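Notes for the one structure printed next.
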Amino acid sequence: MSRRVPRAGRTLEGAVTETASGYLASGRAAPPSPEGGRALEADRALLGRTSTAERVADILRTRITEGFFPPGTRLAEDAIGAGLGVSRNTLREAFRLLTHERLLVHELNRGVFVRLLTVADVVDLYRVRKLVECAAIRGVDRRPDGLDRLAAAVADGEEAKARDDWRALGTANMHFHQALTALAGSRRVDELMAGVLAELRLVFHVMADPRRFHEPYLARHHAIIARLADGDGPGAERLLAEYLDTAEAQLVDAYARKTATPRPTG
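Residues 36 to 301 in this note's numbering are what the sequence shown spells out, letter by letter.
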């Protein structure tokens, strides 16, 4: 049975009742917030006229990618269902879809929780990222379409940095990589990366200092765009490979330090 995060104070997201640091440090579970789905009411418009489980899953996946639901969060079924205006059966089917995507985990008699990833998960995610993201820009020998979307993601990151919003910077970084893989022009690749990046956001919560982790990558984003703008696909791929190697090493090291067993003294 997985461990749970203690309550660290209510958040605007409502359904977020626990923090990643507590999740790693404690086995106590906090009850879901009673106002859990209020922040999701604005997402109702995304459901369209038919509230399907797939659309609900899309909304929750996006929220996870944006960092609203940290690892260990217990998802309050009643609150989220009320917030989105969907039936319990629809919401449960959405939960099942996201469980299949390894974003959620269901525990009997306890509820549905956002999953905490392991070091092995981190290594595997970066293996996928290196294969897919590098391939997306491999062979680019001219200025590709899609640079505007990349530039917009970097601009969002710069704005987040200016207001010291490091979670928003992390989200902007995610959007950069979504735009990068979109250069492949494949809907299937886009769908694959949406799931990979959602899982990856669960990894980022292990970083004790989000600013120190996210901020340096902005300069790397600028450098990658510059290579692509010059039609230097191989150069952009080299920078991206170095980028991913560095990020993987940082995250693996952070996991190792978080899960290390203290040595006895005396």
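Cβ atoms here follow ideal geometry from the backbone N, Cα and C, with glycine treated the same way.
From a predicted model like this one, the values you see are computed outputs, not experimental measurements.
(request) Report the residue from D288, E136 and R236 whose alpha carbon sits nearest the alpha carbon of F104. (result) The residue you call residue 104 lines up with position 69 of the sequence shown. Comparing Cα-Cα distances from F104 to each of D288, E136 and R236, the minimum goes to R236.
(request) On a CA-only basis, which of F148, G102, D200 and R173 is nearest P269? Give me that one, please. (result) What you label residue 269 is simply residue 234 of the sequence shown in a count that begins at 1. Nearest option by C-alpha distance: R173.
(request) Determine the DSSP secondary structure at G270, reduced to helix, strand or coil. (result) Start at 1 with the first residue of the sequence shown, and residue 270 comes out as number 235. It is helical.
(message) Suppose contacts are defined by Cβ-Cβ distances below 8 Å. Is L132 in contact with E193 by that definition?
(response) As a first step, residue 132 must be located in the sequence shown, where it is residue number 97. As a first step, residue 193 must be located in the sequence shown, where it is residue number 158. The answer is no: Cβ separation not under 8 Å.
(message) Are the CB atoms of V140 and V91 within a distance shorter than 8 Å?
(response) On the sequence shown, residue 91 is found 56 positions in, with the first residue counted as 1. On the sequence shown, residue 140 is found 105 positions in, with the first residue counted as 1. No, the Cβ-Cβ distance between V91 and V140 is not below 8 Å.
(request) State the DSSP-derived secondary structure class of A291, mapped to helix, strand or coil. (result) Walking along the sequence shown from the start, residue 291 turns up at place 256. Helix at A291.
(request) Classify T125 as buried or exposed, calling it buried when 16 or more other Cβ atoms lie within 10 Å of its own Cβ. (result) Locating residue 125 in the sequence shown gives position 90, counting from the first residue. It is buried - the Cβ of T125 has at least 16 other Cβ atoms within 10 Å.
(request) Report the three-state DSSP secondary structure of E89 (helix, strand or coil). (result) As a first step, residue 89 is located in the sequence shown; it is residue number 54 there, counting from the start. Of the three classes helix, strand and coil, the one that applies to E89 here is helix, per DSSP.
(message) Judging by CA-CA distance, which residue of A214, I99 and E168 is the nearest neighbour of L138?
(response) To locate residue 138, count along the sequence shown from 1; it is residue 103. Among A214, I99 and E168, the Cα nearest to that of L138 is on I99.
(request) Please report how far the alpha carbon of K293 lies from the alpha carbon of A243, in whole angstroms. (result) Within the sequence shown, numbered from 1, the residue matching residue 293 stands at position 258. Within the sequence shown, numbered from 1, the residue matching residue 243 stands at position 208. Distance between the alpha carbons of K293 and A243: 10 Å.
(message) Just to check my reading of the structure: M209 and L182 have Cβ atoms closer than 8 Å, yes? What is that Cβ distance to the nearest angstrom?
(response) Against the sequence shown, residue 209 aligns to sequence position 174. Against the sequence shown, residue 182 aligns to sequence position 147. That belief does not hold up - the Cβ atoms of M209 and L182 are roughly 18 Å apart, past 8 Å.
(request) Could you spell out the range, first to last residue, of the alpha helix (DSSP H) harbouring H257? (result) Here residue 257 is taken as the residue at index 222 of the sequence shown, counted from 1. Where H257 is concerned, the enclosing alpha helix (DSSP H) stretches over P251 to A264.
(request) Could you say which of G118, I115 and R162 lies nearest to T281 if we only look at CA atoms? (result) Within the sequence shown, the letter at position 246 stands for residue 281. If we check each option's Cα against that of T281, R162 comes out closest.
(request) List in chain order: all unbroken alpha helix (DSSP H) runs of 4+ residues lying wholly within the stretch 113 to 192. (result) 123 to 135 and 154 to 172
(request) Could you pull out every residue in the same chain whose Cβ sits closer than 7 Å to the Cβ of A186, ignoring the five residues on either side in sequence? (result) The sequence position of residue 186 within the sequence shown is 151, counting from 1. Excluding positions up to five away in sequence, the list reads I260.
(request) Check whether the Cβ atoms of G205 and P245 sit closer than 8 Å, and answer yes or no. (result) Here residue 205 is taken as the residue at index 170 of the sequence shown, counted from 1. Here residue 245 is taken as the residue at index 210 of the sequence shown, counted from 1. In this structure, P245 lies closer than 8 Å to G205 by Cβ.
(message) Give me the residue from T216, R255 and E136 with the minimum Cα distance to E234.
(response) The residue given as residue 234 occupies position 199 in the sequence shown. For E234, the nearest C-alpha among the options comes from E136.
(request) Name the two residues that bound the continuous alpha helix (DSSP H) containing F211. (result) By one-based count along the sequence shown, residue 211 stands at place 176. Its alpha helix (DSSP H) spans residues W201 to T216.
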